[in-house]
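Asks:
2 protein chains.
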Amino acid sequence: MVNTKYEGFETPGVTVDLVLFTVNESRLKVMLVKRVEEPFRSDWSLPGGFIELGESLDAAAQRVLVEKVGVSDVYMEQLYTFGKPKRDPRSRVITVAYIALIPWQSLPQPASEKIIDLTWSPVDHLPKLAFDHKEIVNYAVKRLRAKVSYSNIVYGLMPKQFRLSELQSMYECIIDDKLDKRNFRKRMLATGLLKETGKKDTAGAHRPAMLYQFKSKEIVFL
Amino acid sequence: MVNTKYEGFETPGVTVDLVLFTVNESRLKVMLVKRVEEPFRSDWSLPGGFIELGESLDAAAQRVLVEKVGVSDVYMEQLYTFGKPKRDPRSRVITVAYIALIPWQSLPQPASEKIIDLTWSPVDHLPKLAFDHKEIVNYAVKRLRAKVSYSNIVYGLMPKQFRLSELQSMYECIIDDKLDKRNFRKRMLATGLLKETGKKDTAGAHRPAMLYQFKSKEIVFL
Numbered sequence: 496m497v498n499t500k501y502e503g504f505e506t507p508g509v510t511v512d513l514v515l516f517t518v519n520e521s522r523l524k525v526m527l528v529k530r531v532e533e534p535f536r537s538d539w540s541l542p543g544g545f546i547e548l549g550e551s552l553d554a555a556a557q558r559v560l561v562e563k564v565g566v567s568d569v570y571m572e573q574l575y576t577f578g579k580p581k582r583d584p585r586s587r588v589i590t591v592a593y594i595a596l597i598p599w600q601s602l603p604q605p606a607s608e609k610i611i612d613l614t615w616s617p618v619d620h621l622p623k624l625a626f627d628h629k630e631i632v633n634y635a636v637k638r639l640r641a642k643v644s645y646s647n648i649v650y651g652l653m654p655k656q657f658r659l660s661e662l663q664s665m666y667e668c669i670i671d672d673k674l675d676k677r678n679f680r681k682r683m684l685a686t687g688l689l690k691e692t693g694k695k696d697t698a699g700a701h702r703p704a705m706l707y708q709f710k711s712k713e714i715v716f717l
Numbered sequence: 496m497v498n499t500k501y502e503g504f505e506t507p508g509v510t511v512d513l514v515l516f517t518v519n520e521s522r523l524k525v526m527l528v529k530r531v532e533e534p535f536r537s538d539w540s541l542p543g544g545f546i547e548l549g550e551s552l553d554a555a556a557q558r559v560l561v562e563k564v565g566v567s568d569v570y571m572e573q574l575y576t577f578g579k580p581k582r583d584p585r586s587r588v589i590t591v592a593y594i595a596l597i598p599w600q601s602l603p604q605p606a607s608e609k610i611i612d613l614t615w616s617p618v619d620h621l622p623k624l625a626f627d628h629k630e631i632v633n634y635a636v637k638r639l640r641a642k643v644s645y646s647n648i649v650y651g652l653m654p655k656q657f658r659l660s661e662l663q664s665m666y667e668c669i670i671d672d673k674l675d676k677r678n679f680r681k682r683m684l685a686t687g688l689l690k691e692t693g694k695k696d697t698a699g700a701h702r703p704a705m706l707y708q709f710k711s712k713e714i715v716f717l
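Order-wise, the sequence lines are chains A and B.
My numbering numbers the first residue of the first sequence as 496 and each following residue consecutively.
My numbering numbers the first residue of the second sequence as 496 and each following residue consecutively.
(1) Can you tell me where the alpha helix (DSSP H) with Ile670(A) in it begins and where it stops?
(2) Opposite Lys519(A) in the DSSP bridges: which residues?
(3) Which first and last residues belong to the beta strand (DSSP E) in which Leu689(A) is found?
(4) Anyone know if the C-beta pair for Val632(A) and Val514(A) falls short of 8 Å?
(5) Answer yes or no: does any C-beta atom of chain A fall closer than 8 Å to that of Val632(B)?
(6) Residues in the region 636 to 647 of chain A with C-beta within 9 Å of chain E's C-beta atoms, listed in sequence order?
(7) Just confirm the distance between the C-beta atoms of Val511(A) and Leu552(A), as a whole number of angstroms; I'd bet it's less than 8 Å.
(8) Which residues in chain A have a C-beta closer than 7 Å to the C-beta of Thr576(B)? List them in chain order.
(9) With DSSP as the reference, label Met571(B) as helix, strand or coil.
(10) Listing by chain order, which chain A residues have their CB less than 7 Å from the CB of Arg587(B)?
(11) Could you list which residues in chain B have their beta carbon closer than 9 Å to that of Phe716(A), in chain order?
(12) Please confirm if Lys563(A) has its CB atom under 8 Å from at least one CB of chain B.
(13) Should the region 531 to 551 of chain A be regarded as contacting the region 576 to 591 of chain B, the criterion being three or more beta carbon pairs within less than 8 Å?
(14) If you check the beta carbons only, do Ala439(A) and Ala635(A) fall under 8 Å apart?
(15) Looking at C-alpha atoms only, which residue of Ser601(B), Lys642(B), Thr517(B) and Leu596(B) is the closest neighbour of Val467(B)?
(16) Buried or exposed: where does Thr590(A) fall if 16 or more other Cβ atoms within 10 Å of its Cβ makes it buried?
(17) If we ignore side chains and look at the alpha-carbon of each, how far apart do Gly718(A) and Tyr707(A) end up?
(18) I believe Gln656(A) touches Tyr575(B) by the beta-carbon criterion, under 8 Å. Please report the beta-carbon distance rounded to the nearest angstrom.
(19) Quick check on this structure: which residue in Leu639(A), Arg585(A) and Asp538(A) has the alpha carbon closest to the alpha carbon of Gly508(A)?
(20) Could you please give the first and the last residue of the uninterrupted beta strand (DSSP E) stretch that includes Gln708(A)?
(21) Between which residues of its own chain and Arg536(A) is the CB-CB distance below 8 Å, once the five residues before and five after are set aside?
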């Protein structure tokens, strides 16, 4: 396996890798697939693949999402490009990593059986990962935690309608910390990003509570 | 010119491009070089180049900085990877863009004569640029403006020692807006990132004022 030349320059392989997050059982989790080929055969890894020459980077990430997860309409953004010379032992491959967010409820159910050898790992208990994928996941977690505090990116993980207490739980799972209920409600309502649905959630053992939804899917920086 | 194959996948060319910012004459400016080859011969463009197979992306960006600007010790971070299929009319080339910051005083002087066909363009009056470089510059300006408000990244543009009024001017040039003097001083000193040098600036026509410096070059998120 040898890298090829382009105008005298050897060109690297270029892949995209997805860090697909969800929250389930009150934990922030990332999707991993078991590798079936060398190198790192049988190790867990991020879903990814080589880009095709006619498709943009975003389109390649979208294709991987559809092929490997079976969904398409999720929040996705480019994270960072990883390109250490030896990250792939075969030859030079650089990877453009993407973050994607999906509510657990939107995953094809049962989510863990959609693809054989797929798992959702809590981000703070990752198994051994192939290539530099642990570094990529850790970088993605850092970005997600920073970004929830200054944007409405969290909508990508929420069901369409929710109680404020559910939104608070989501934040707490992502940042792995507790928030003050009164401050949280006050701050969230002050952003102007939420609207009341007019409906109340009467299911379950808890008291009925107003259901909210995001006014827009557009990402806003607070 | 044809893209070559890697394990059955045609591989794109991979370049790095630098968005090198400075502030001079109270304006945020970006360094541009005139292209001497097709495509876009004689158009302005960002300094950049193909990555070499043995070097990391960061190392490639650093090499371009040294070769094209003649400096090395500046703040630099990866910005975003641009990869639309037709961005280079010759064949598929994706580019990993970097932001770099340099104080005007640190440029080899006279800065505009370091390399023939080099210019520093105000970011709000860009000439026609080659490839998708205008899109890249605009994205970089957006990132820089957002980031100065929640980090100490501005140190990359400041001389070693400065008056608080000079720091305020720098912020105003970057965000292209005026700031309240009292609030600015209060907020900056409250961050704990600055220290007094113990020296006063007595040069020029203005009143002597305390000179400050950043305690650390480490990037801190406020």
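Using N, Cα and C, we set each Cβ at its ideal position, and we do this for glycine too.
Replies: Quick look at the numbers:
(1) DSSP places Ile670(A) inside the alpha helix (DSSP H), whose first and last residues are Leu659 to Ile670.
(2) It should be pointed out that residue 519(A) corresponds to Asn in this sequence rather than to Lys. In DSSP, Asn519(A) forms a bridge with Arg522(A).
(3) Unbroken beta strand (DSSP E) run through Leu689(A): Leu689 to Asp696.
(4) Their beta carbons are under 8 Å apart, which means Val632(A) touches Val514(A) by this criterion.
(5) No, its Cβ sits nowhere closer than 8 Å to a Cβ of chain A.
(6) Any reference to chain E falls outside this structure, whose protein chains are A and B.
(7) Their Cβ separation, rounded to whole angstroms, is 6 Å, which keeps Val511(A) and Leu552(A) in contact under 8 Å.
(8) Those within 7 Å of Thr576(B) in chain A are Leu552, Gln573, Thr576 and Val591.
(9) Note: Met571(B) maps to strand in three-state DSSP.
(10) Those are Leu548, listed as they occur along chain A.
(11) The contacting residues are Ala641.
(12) Judged by the 8 Å Cβ criterion, Lys563(A) is not in contact with chain B.
(13) Yes: at least three Cβ pairs fall under 8 Å.
(14) This structure cannot speak to residue 439(A), because chain A is shown only from 496 to 717.
(15) Only positions 496 to 717 of chain B appear in this structure, which leaves residue 467(B) out of reach.
(16) Around the CB of Thr590(A), 16 or more other CB atoms lie within 10 Å, so the residue is classed as buried.
(17) Residue 718(A) lies beyond the residue range present for chain A, which begins at 496 and ends at 717; the question has no answer from this structure.
(18) Between Gln656(A) and Tyr575(B), the beta carbon gap of about 34 Å keeps them out of contact (Cβ cut-off 8 Å).
(19) When only C-alpha atoms are compared, the closest one is Arg585(A).
(20) Boundaries of the beta strand (DSSP E) around Gln708(A): Ala704 to Phe709.
(21) Taken in chain order, the residues that qualify are Arg530.
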